[in-house]
Each structure stands twice: as structure tokens, then as C-alpha cells.
Amino acid sequence: MKIVIAGGSGFIGGKLVDLLVKNGHEVIILTRSKKTPSKNVSYILWLQEGAVPENELHKVDAFINLAGVSINDGRWTPKHQQQIYNSRMTATDELVRIISAMEVKPSVLINASAIGIYPASYNTVFTEKSAEIASDFLAQTVKDWELKANHVTQFGVRTVFTRFGVVLGREGGALPLMALPYKLFVGGKVGGGKQWVSWVHVEDVVRAIYFALQNDQLQGPVNVTAPTPVTMEEFGKMIGSVLKRPHWLPVPSFAMKLALGRKSKLVLEGQHVLPKVLMANEFIFNFPELKLALEDLL
29 MKIVIAGGSG
39 FIGGKLVDLL
49 VKNGHEVIIL
59 TRSKKTPSKN
69 VSYILWLQEG
79 AVPENELHKV
89 DAFINLAGVS
99 INDGRWTPKH
109 QQQIYNSRMT
119 ATDELVRIIS
129 AMEVKPSVLI
139 NASAIGIYPA
149 SYNTVFTEKS
159 AEIASDFLAQ
169 TVKDWELKAN
179 HVTQFGVRTV
189 FTRFGVVLGR
199 EGGALPLMAL
209 PYKLFVGGKV
219 GGGKQWVSWV
229 HVEDVVRAIY
239 FALQNDQLQG
249 PVNVTAPTPV
259 TMEEFGKMIG
269 SVLKRPHWLP
279 VPSFAMKLAL
289 GRKSKLVLEG
299 QHVLPKVLMA
309 NEFIFNFPEL
319 KLALEDLL
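For the sequence shown, the numbering used here gives the first residue as 29, with consecutive numbering after it.
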């Protein structure tokens, strides 16, 4: 397959490119700066003055959109929130424009998304069929992001919204920050501890994206979370167990709000999310249990 990726050099994008190349696919990465091509990976300028990517894209099979400012970096000041929002809207608008201008359309667009679209809850279990949508910043961003990406369906393009959970990896995602207190022997319960963490190993994230590329029956929302969410209290205890560190020093909610500002919602609130679509289509998780994932990553 010939696959175009926006956001191909990020935490998830880099690992996805490696997987696609390993499996013999041709990858084209949309970039804002010139880069040197390598085996099976080339680069095309976009979102720059004079850039017309569609003129260089021929017989493309699929688009994958991972572009956007990371939600894990920095405090959520109003300015940073605007950057998170605008980066996703701008990139998705441009991808829709590119696809609309292409004479031969791709068969599929895989668009990144997030389980933050679901409301925080201690008791509700959310699946792809859940209609409830939260009203906060992240949920509104996800909702608008998916609505923009969905415009390509008018061109007959199958569209999949991969709603990522809390992605765990060594060099990115949420885990390095969550594990740091334990490495310093000051780990403990965060907030009330009963909030849900619908986590997923980054390796399973990229495998799920690849799975969605290959399975024509997948469309619309697809929750990309491990099938075994845990509470924040359980998550912390497991980090301590794997690292052989104590789980003893509680971090009260007000301290998290002081430290992280509005972003504290990511750790103080959570959703119990299940990947029903992946499970129904017999996707096999390499890391279905948290202990397995943390032992691999820590």
C-alpha cells in the first residue's frame, strides 16, 4: 500500500512508520520542512506557502492523520489549549482539501481521536455506541476534530476515528511522568484514586491503526484502549510493584491542580472505556494486562 501520514514523526507516528515499512508498505510523510528520504519513506511539504501536496500524490491507498500539538506537553494555559485545538483543525481541514482535490481518492482515512470525548464517570462503561459527550475543552476538541475528518465520507472514503486512551510508552505519552514519583520513592495515590485509567501500550496503538487500515468493515469510532482498564489507585500500585518501590505518599487533588493547571483533569478524572469494536473484530492485544505492559516498558 501507499500510505500518507500527517504527524509521522511524533511519538506514535514514528513507531507506526517503522511498522508499515517493516511490512513492505510505501510511506509518504507530510512535513513542514524538507527532510531526506530513506528506504520506503519519502516526504512532501504541506501547510507552507506555495505547497500543493496533491500535485505530488498519485495512486494513494490511505491517509493517516496524527497531526496536532501534544496534549501531554506543558501546562494547559488558554494559549496552549488554543494551540492544541487549532493545530488539529488546521491539519484536518488541509487533509480534507487535499483529498477533495485528488483525482483518484484514497480508500480510507484513519483519523486520530481520543476517549476524552466521553464524560468522566466512576460508574458508566463507555463503548463506541455510547452517545454521551462531555462538555469540556478536550471533548469539544475531539468532537470538532471528528466532524471535520468525517467530511471525506462524501468522497466515498472510509473514515475511522481511532479514539486513543492513555498511551503508555518509554519515551513519550503519560507513563514517564506517572512513573517518576515512584522512581524517587514518593509515589502514591493521586486524587481520590477511584478515577478510571483506560490505558493502552503504544505498540498496541500502532498495531490497531494498522488493523484498521487492513479491515474494510471498520469505520466510525474505534476505541483504542486495552480491554482491562484499572483505577488510578490500582495503576499506581502496579507501577510501584513493577519498579519495586513503595506506594505510600498521597498526592491530593489541589496539589495536582496547582502543578498541572487545567491539564490536571487528565489524571483527576477518567473514563472506563472498552475497545468493543476491536474485540468484536478479533484484534489480538499484545499487552492486554497492565502488569505485562509495565514490565515491558519499565
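For glycine and all other residues, C-beta sits at the position ideal for the given N, C-alpha and C.
None of these values were measured; they are calculated from a predicted model.
Taking all protein chains shown into account, do 16 or more other C-beta atoms lie within 10 angstroms of the C-beta of His86, making it buried, or fewer, making it exposed?
exposed
With distances taken between CB atoms, is the gap from Pro81 to Ile33 smaller than 9 Å?
The criterion of a C-beta distance shorter than 9 Å is not satisfied by Pro81 and Ile33.
Are the Cβ atoms of Gly220 and Lys43 separated by less than 9 Å?
no
State the Cα-Cα distance for the pair Ser149 and Leu296, rounded to the nearest angstrom.
One alpha carbon belongs to Ser149, the other to Leu296, and they sit about 11 Å apart.
Give the C-beta separation of Phe189 and His300 to the nearest angstrom, bearing in mind that I take them to be a contact with Cβ-Cβ under 8 Å.
Not confirmed; about 19 Å, so no contact.
Can you find at least 3 beta carbon pairs, one from the stretch 106-115 and one from the stretch 65-78, that sit closer than 8 Å?
no
Helix or strand or just coil, what does DSSP make of Trp173?
helix
Using the DSSP secondary-structure output, state which residues sit across from Thr190 in a beta bridge.
Ala140, Val250
CA-CA distance, Gln223 and Thr259?
5 Å
So is Ser226 buried or exposed if we call it buried at 16+ other beta carbons inside 10 Å?
By the C-beta density criterion, Ser226 is buried, having at least 16 other C-beta atoms within 10 angstroms.
Identify every residue that forms a DSSP beta bridge with Lys30.
Glu54
Of all the options Leu294, Phe263, His275, which has the alpha carbon lying nearest to the alpha carbon of Met284?
Leu294
Assign His86 to one of three DSSP states: helix, strand, or coil.
coil
For Asn178, which residues in the same chain have their Cβ closer than 7 Å to its Cβ, ignoring the five residues on either side in sequence?
Hits under 7 Å: Thr187.
Kindly indicate which residue of Ala321, Leu288, Gly264, Gly201 has the alpha-carbon position closest to the one of Leu277.
With distances taken between Cα atoms, Leu277 lies closest to Gly264.
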